[in-house]
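Here the sequence shown is numbered in UniProt numbering, starting from 1 and rising by one per residue. Where a beta carbon is used, it is the ideal one built from N, C-alpha and C, also for glycine.
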Amino acid sequence: MSTTGTLDRIMARKRQELAARPPMAPRPRPTPRDFAQGLVTHRAGRRVSVIAEVKRKSPSGGDFPHADVVAVARAYEAAGASAISVLTDGPDFGGGLEDLVAVRAAVSLPVLRKDFLVAAREVEESAQWGADAVLLIADALEDGELREMVATAKAVGVAALVEAHTEAHAERALAAGAKLVGINNRNLATLKTDTGTALRVMPKLRSRARVLVAESGLKSLADLVAAQEAGADAVLVGESLLREPDPGHALRRLLGVKDAAP
Numbered sequence: 001m002s003t004t005g006t007l008d009r010i011m012a013r014k015r016q017e018l019a020a021r022p023p024m025a026p027r028p029r030p031t032p033r034d035f036a037q038g039l040v041t042h043r044a045g046r047r048v049s050v051i052a053e054v055k056r057k058s059p060s061g062g063d064f065p066h067a068d069v070v071a072v073a074r075a076y077e078a079a080g081a082s083a084i085s086v087l088t089d090g091p092d093f094g095g096g097l098e099d100l101v102a103v104r105a106a107v108s109l110p111v112l113r114k115d116f117l118v119a120a121r122e123v124e125e126s127a128q129w130g131a132d133a134v135l136l137i138a139d140a141l142e143d144g145e146l147r148e149m150v151a152t153a154k155a156v157g158v159a160a161l162v163e164a165h166t167e168a169h170a171e172r173a174l175a176a177g178a179k180l181v182g183i184n185n186r187n188l189a190t191l192k193t194d195t196g197t198a199l200r201v202m203p204k205l206r207s208r209a210r211v212l213v214a215e216s217g218l219k220s221l222a223d224l225v226a227a228q229e230a231g232a233d234a235v236l237v238g239e240s241l242l243r244e245p246d247p248g249h250a251l252r253r254l255l256g257v258k259d260a261a262p
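Shown next as structure tokens:
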């Protein structure tokens, strides 16, 4: 399909990078953690689960003040996150696979590898590096690529969170076999965000997806409540937390958890 702007640029770079490097050497895989079940279990008895994200920078947000992604991930876990999302792209997000390894070793939560994956072999490599889930972007992958990558994820035992920005791409995600679907409020071509996007699309998918995730632009408890009412099981939040002096405290506030009295 045709993509333009930021997403197109990143995906073109990713395809070039993959073509230029040999497959990674096999490595022992850590014991998998159930990403989807973790979201559902954490949701029981409370509002939507939160997948809290660590990254050092982004094209939309610039540099963030928290370079120690392990410390931030630990703070998220203590604050009530259900899973951790780790950006592993270097040029645009300041991350790497070493961050995935370090974060997973530091927390007991399931960990999502968030990157711009373009081939099934990257899904296999993600599993070996410790990812419990991988992000796949429907808007940037052809139907055949998406089907193969979803099937590979199932075969190697990692969850595939397939992200879409429009209803049409969400339908493609389901047709490719996705059980976990994320609706991104941010248009990755233009980087513009409309928090109503997920609210409009998720109700149309609710009966066909095991887990629905609302992504991007969610900054308040009211945003989480609205997402839940639209059918979300979880939300993915990063930028709004990482701009705060204390991301863990920011997550507690987002979840509506009051700090203990001194």
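Considering only residues of the same chain and omitting the five flanking positions on each side of residue i, which have a CB-CB separation below 6 Å?
i, result
"ALA79", "GLY248, LEU251 and ARG252"
"ASP115", "THR88 and ASP89"
"THR190", "GLY5"
"THR195", "ASN185 and GLY217"
In terms of alpha-carbon separation, which member of the options lies closest to residue i?
i, options, result
"LEU199", "LEU212, ASP246 and ARG21", "LEU212"
"ALA83", "ALA120, ARG33 and ASP63", "ARG33"
"ARG27", "LYS14, ARG113 and GLU124", "GLU124"
"ARG15", "LEU191, SER85 and GLU145", "GLU145"
"ARG21", "ALA131, GLU122 and VAL48", "GLU122"
"SER58", "LEU7, LYS204 and THR166", "LEU7"
"ASP92", "MET11, VAL40 and ALA127", "MET11"
"PHE64", "LEU254, GLY196 and ARG243", "ARG243"
"ARG113", "ALA119, ALA36, VAL72 and ASP99", "ASP99"
"LEU188", "ILE137, ARG74, VAL103 and ALA75", "ILE137"
Can you tell me where the alpha helix (DSSP H) holding residue i begins and where it ends?
i, result
"GLU229", "221-229"
"ALA79", "69-79"
Does the distance from the CB of residue i to the CB of residue j come in under 8 Å?
i, j, result
"THR193", "GLY217", "yes"
"GLU77", "VAL111", "no"
"ALA178", "VAL201", "no"
"VAL86", "VAL72", "no"
"ALA160", "ALA153", "yes"
"VAL156", "ALA127", "yes"
"MET149", "LEU117", "yes"
"ARG147", "GLY94", "no"
"ALA36", "ARG206", "no"
"LEU224", "VAL69", "no"
What residue range is occupied by the uninterrupted beta strand (DSSP E) comprising residue i?
i, result
"ARG113", "111-114"
"GLY182", "180-184"
"LEU236", "234-237"
"ALA52", "49-54"
"MET103", "Residue 103 is actually Val in this sequence, not Met. Run containing VAL103: none in the beta strand (DSSP E); it sits in the alpha helix (DSSP H), 97-106."
Contact check, residue i vs residue j under 8 Å by CB: the rounded distance?
i, j, result
"residue 265", "ILE183", "Residue 265 lies beyond the stretch modelled for the chain, which goes from 1 to 262, so this question has no answer here."
"VAL158", "ALA133", "6 Å"
"GLU53", "GLY238", "3 Å"
"PRO30", "GLY130", "5 Å"
Just to confirm my understanding: we take residue i, look at its own chain, exclude 5 residues before and 5 after, and list those with CB closer than 7 Å. What are they?
i, result
"GLY96", "THR88 and GLY90"
"SER2", "Bear in mind that the predicted position of SER2 carries a pLDDT of just 39, short of 50, making it too unreliable to give a figure here."
For residue i, which residues of its own chain have a beta-carbon under 8 Å away from its beta-carbon, when the five flanking residues on both sides are left out?
i, result
"GLU215", "GLU163, GLY182, ILE183, ASN184, ASN185, ARG186, ALA198, VAL235 and LEU236"
"ILE51", "LEU39, ALA81, SER82, ALA83, ILE84, SER85, LEU112, VAL213, ALA234, VAL235, LEU236 and VAL237"
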